[in-house]
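The next block holds one structure in the form of structure tokens; read it before the comments.
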Amino acid sequence: MKRYLVFALVGPFVGGFLLLLTTTYQSGYWTQTSLGEVGKLFVVFFKTLQYSYLFGFLPSLMIGAVDDILIHVKRIRPALRMLLVGAFAFILAAFTYGSRGSDSGAAQFILYGLVGFVPAVLSSWLVHHYVEEPQPAAAAS
Numbered sequence: 001m002k003r004y005l006v007f008a009l010v011g012p013f014v015g016g017f018l019l020l021l022t023t024t025y026q027s028g029y030w031t032q033t034s035l036g037e038v039g040k041l042f043v044v045f046f047k048t049l050q051y052s053y054l055f056g057f058l059p060s061l062m063i064g065a066v067d068d069i070l071i072h073v074k075r076i077r078p079a080l081r082m083l084l085v086g087a088f089a090f091i092l093a094a095f096t097y098g099s100r101g102s103d104s105g106a107a108q109f110i111l112y113g114l115v116g117f118v119p120a121v122l123s124s125w126l127v128h129h130y131v132e133e134p135q136p137a138a139a140a141s
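Now the structure itself:
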């Protein structure tokens, strides 16, 4: 249960911030902005944080479920599990947020994919280091 709590708390927070950074980059905000206006970005982030949790809660739990499934496969080591969970979240986020119009491209696909990849890998890493993982049951003889 702690695994899902970590994914539900970390995923929307980090993913929401990365989504805000990606959308501001895609809109051209950073080419016209001075360093003094970066504070506005954090104001917008904290004002919209409730929506990050509202819309990011269930996808984060889905990624946590994938991590939970992969923890029971004995041949998959933690580093590979983190990579697989991150790759799944990358593909999910890239196809969810990225457009397929004339403005789409590799940069957009990668940026929106990282919105899913980074929180998934970070959550999986935190779970691996700070939550007790189930040990395989000993065979009865």
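Residue numbering for the sequence shown follows my numbering, beginning at 1 and increasing consecutively. No residue lacks a Cβ here, since even glycine has one placed at the ideal position from N, Cα and C.
Here DSSP, grouped into helix, strand and coil, assigns Ile69 to helix. In this structure, the straight-line span from the alpha carbon of Ser52 to that of Tyr25 is close to 18 Å. Taken through DSSP and simplified to helix, strand or coil, Lys2 comes out as helix. The C-beta distance from Leu70 to Val85 rounds to 7 Å, short enough to fall under 8 Å. DSSP places Thr33 in the coil class of the three-state scheme, outside both helix and strand. Leaving aside the five residues that flank Gly15 on each side, the residues in its chain whose CB is nearer than 6 Å to its CB run, in chain order, Gly56, Val115, Pro119.
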